[in-house]
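Line by line, the protein sequences are chains A and B.
Under our numbering, the first residue of the first sequence carries the number 302, and numbering increases by one thereafter.
Under our numbering, the first residue of the second sequence carries the number 302, and numbering increases by one thereafter.
Each residue gets a CB set at the ideal place from its N, CA and C atoms; glycine is no exception.
On a predicted model such as this, the values are computed, not experimentally measured, just so you know.
Protein chains: 2
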Amino acid sequence: MHTLNVALGHRSYPIHIGAGLLGRSDLLLPHIHGRQVLVVSNETVAPLYLDALIGALSGYHVATCILPDGESFKDLQHLDRIFTCLLEQRFNRDCTLIALGGGVVGDMTGFAAAAYQRGVDFIQVPTTLLAQVDSSVGGKTGVNHALGKNMIGVFKQPNVVLIDTDVLTTLPARELKAGLAEVIKYGLIRDLPFLAWLEQNIPGLLAGDASLLAEAIRQSCENKAAVVAADELEKSDLRALLNLGHTFGHAIETGMGYGAWLHGEAVATGMLMAADLSMRLGWLSADDVLRVRTLLVRAGLPVDPPQMAVEEFLQHMSVDKKVKEGRLRLVLLQALGHAVVSEAPPELLCATLSAGSALGVLK
Amino acid sequence: MHTLNVALGHRSYPIHIGAGLLGRSDLLLPHIHGRQVLVVSNETVAPLYLDALIGALSGYHVATCILPDGESFKDLQHLDRIFTCLLEQRFNRDCTLIALGGGVVGDMTGFAAAAYQRGVDFIQVPTTLLAQVDSSVGGKTGVNHALGKNMIGVFKQPNVVLIDTDVLTTLPARELKAGLAEVIKYGLIRDLPFLAWLEQNIPGLLAGDASLLAEAIRQSCENKAAVVAADELEKSDLRALLNLGHTFGHAIETGMGYGAWLHGEAVATGMLMAADLSMRLGWLSADDVLRVRTLLVRAGLPVDPPQMAVEEFLQHMSVDKKVKEGRLRLVLLQALGHAVVSEAPPELLCATLSAGSALGVLK
């Protein structure tokens, strides 16, 4: 088992990574301070792993809230279901919420924990690769709005993140690939050696090699923890760098309807769009962009944006959280392994948005 | 104009109290950092004061969100309307929300500001006495749930509180009286000289004497600011003392249906119930309780609890935020001017809950 620390003063917390952690009460119980525990999960994950988790909580008053599975249910209406569960069980301010699931469950449970009685404890037990390497760490919580993804939420750090690598054996291949998009992201924005490691090991990762996956998760969480520790609340642009590909990706997700594209898939295509735009700015070479494209394709990820009008792209992108004084700002690559937040000349942005399957090819 | 300070380190903010402050751009603009401003108000207040406020915001991109008036609309569904307004206008993270209204508008606007894009600025312009002396100060925000009042929310401090005493001239008498309940509360929990001052000046306050009202608001806000500065997040029991009468009161509000009793009315009756229970514990004399009752009656406030079964009272009270390890804790009076948080023997609590109109009378 690896243990990392997210260094945030009195809100610091450990991330445990290893096989068979789900039922480890020795890792869970030190972070539960009352007797009441609500496990929030979804209809896909609960039948597989709920019993093991509850087994580690004997002696506690444990209730469960099982949500439907999917990004399209990540809204205020389904958030309210968690509050109803808590209130029906008469849960008090000293209760603890545990998120058992992917990014949707984690984001919603964290938001519910932040807002229930103005704040109760919560624990992340992520069960998708994407949640393990990204969304379960760092305290971003929230729900979507019909007009914009992740527009409603707060920062709320968990007490502990328990990453059981065994659960990846039941993860559908499509979800595993989607998670790899966020893994690759760390290489692109700040860790060139990790990018090279991924290029070498992508076949093993796709094949589900447990020790390779554990290593990829560890390196990803180390990168994430370092960024979050330096800029917890995204006050500078540092934390925003974690959003490489996300402004394009959110536009795809919102435009195509939540759930049509997996978040990681939209981010993969979005990262290639960011690389394409970085090339048009003269920062990346065509070879660099090809290198990004090749890795994403080898990871089984989509690299062609959907058929969406430039205007629609721009409309969805205009509500991005990085917009400042009305001006769109994007995470771009000054070089592979070195991301920055920058505005981009509109004509270059439009060229990227209209490039379609010719991303990375200068006309 | 009086100016008080809520001392919270880098989250400190001023409270300005005086006549004609609503249109004072010199007081508003220093606290608005972007160009986009959303004014949230309700159908009753907007026709009276929206124009004056907007007049002080010339040169800004100002949008409005007008909610229906009343506690029964303080829910997630109507909160979502604020988010829709913000997103339809493409408002970014550097926007500012202004709450123009009573406690419902203030609580919802503050929560929306805390959660929109994980946090934007907001300003309180309270237009009821209750909001001016209590809910606009201190950063408690949120909405109700069908199963419990104020169960969903977060702490979010405003940038400034602008209390225009002129708006009280249009406040219905019933609302003015309801506000006096929270004013009297400060005397009961921590300020015996203020209690005596109120006993002397209640006729003038009810008659709408502007200088007396301004003085009552100033003293109330000073008390509130002192408590909030010492215990912003209700980590100790200190801030909880501001909830005198509120556990009983919330049970009345939830049990009777949101809006049937005004919050201040429910708190008034709740404070007399707390005084009654304090007497049964041997802390207050019958004369003390009579003194509380007399002042509330002179302020035109209800002092008889509604016909509600003891079981129903207990059920609604059991979701109170002060419950710890399953045990109900109440704000009670060790003496007039000295509140404490304490458990109470169930038989004494039941005696209070079943006393009906005989509150304060030992059988």
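Integer-rounded CB distance, given that residue j should sit under 8 angstroms from residue i
i	j	result
valine 426 of chain B	leucine 463 of chain B	5 angstroms
serine 334 of chain A	aspartate 422 of chain A	A small fix is needed here, since residue 334 of chain A is histidine in this sequence, not serine. The pair is a contact, with the Cβ atoms about 6 angstroms apart (cut-off 8 angstroms).
methionine 409 of chain A	histidine 446 of chain A	Actually they are not in contact, since the Cβ atoms of methionine 409 of chain A and histidine 446 of chain A sit about 13 angstroms apart, beyond 8 angstroms.
alanine 432 of chain A	glycine 454 of chain A	The pair is not a contact, with the Cβ atoms about 15 angstroms apart (cut-off 8 angstroms).
valine 341 of chain B	isoleucine 383 of chain B	6 angstroms
cysteine 522 of chain B	valine 438 of chain B	6 angstroms
lysine 623 of chain B	alanine 552 of chain B	About 13 angstroms; that fails the 8 angstroms criterion.
leucine 401 of chain A	leucine 328 of chain A	14 angstroms between Cβ atoms; not a contact.
arginine 391 of chain A	tyrosine 361 of chain A	The Cβ separation is near 15 angstroms, so there is no contact.
Cut-off 7 angstroms between Cβ atoms - residues of its own chain near residue i, not counting five sequence neighbours on either side
i	result
leucine 649 of chain A	Leu578, Arg581 and Leu582
isoleucine 367 of chain B	Ser342, Asn343, Glu344 and Ala347
asparagine 451 of chain A	Gly443 and Asn445
arginine 394 of chain B	Gln418 and Val421
arginine 716 of chain B	The question about residue 716 of chain B has no answer, for chain B in this structure spans 302 to 664.
valine 641 of chain B	Leu633 and Gln635
alanine 652 of chain A	Arg581
Chain-order list of residues whose beta-carbon lies under 6 angstroms from that of residue i (same chain, five-residue window excluded)
i	result
aspartate 605 of chain B	Ser658
serine 326 of chain A	Ala357
histidine 617 of chain A	Ala552, Thr555 and Gly556
leucine 654 of chain A	Val611 and Phe614
phenylalanine 549 of chain B	Gly571 and Met574
DSSP state of residue i mapped onto helix, strand, coil
i	result
tryptophan 562 of chain B	strand
lysine 375 of chain A	coil
methionine 609 of chain A	coil
threonine 470 of chain B	helix
valine 340 of chain B	strand
alanine 508 of chain A	coil
leucine 631 of chain B	strand
tyrosine 417 of chain B	strand
alanine 364 of chain B	strand
leucine 448 of chain A	coil
lysine 525 of chain A	helix
proline 603 of chain A	coil
isoleucine 399 of chain A	strand
aspartate 465 of chain A	strand
threonine 548 of chain B	helix
leucine 582 of chain A	coil
asparagine 306 of chain A	strand
Counted within 10 angstroms of its Cβ, other Cβ atoms place residue i as buried (16 or more) or exposed
i	result
leucine 496 of chain A	buried
glycine 411 of chain B	buried
threonine 428 of chain B	buried
serine 313 of chain A	exposed
arginine 475 of chain A	exposed
serine 436 of chain B	buried
proline 459 of chain A	buried
threonine 470 of chain A	exposed
leucine 305 of chain B	buried
alanine 587 of chain B	exposed
lysine 457 of chain A	buried
leucine 663 of chain B	exposed
lysine 441 of chain A	buried
glutamine 520 of chain A	buried
leucine 349 of chain A	exposed
Distance CB(residue i)-CB(residue j) smaller than 8 angstroms
i	j	result
alanine 353 of chain B	glycine 371 of chain B	no
proline 603 of chain A	threonine 555 of chain A	no
glycine 434 of chain B	isoleucine 318 of chain B	Per the sequence shown, residue 434 of chain B should be read as valine rather than glycine. It is not a contact, given that the beta carbons lie outside the stated cut-off.
leucine 489 of chain A	leucine 637 of chain A	yes
alanine 479 of chain A	leucine 563 of chain A	yes
leucine 629 of chain B	alanine 575 of chain B	no
alanine 508 of chain B	alanine 320 of chain B	no
valine 568 of chain B	glycine 661 of chain B	no
leucine 481 of chain A	leucine 430 of chain A	yes
leucine 377 of chain B	leucine 388 of chain A	no
leucine 339 of chain A	alanine 364 of chain A	yes
valine 528 of chain A	proline 315 of chain A	no
valine 307 of chain A	alanine 515 of chain A	no
glycine 565 of chain A	glutamate 626 of chain A	no
Same chain only: Cβ atoms within 8 angstroms of residue i, ignoring 5 sequence neighbours per side
i	result
leucine 596 of chain B	Ile485, Leu496, Leu499, Glu500 and Ile503
glutamate 644 of chain B	Arg628, Leu629, Arg630 and Leu631
lysine 375 of chain A	Val405, Asp408, Met409, Val444, Asn445 and Tyr559
lysine 525 of chain A	Val434, Asp435, Val438, Gly439, Tyr487 and Leu543
arginine 594 of chain B	Leu573, Ala576, Val604, Leu660 and Gly661
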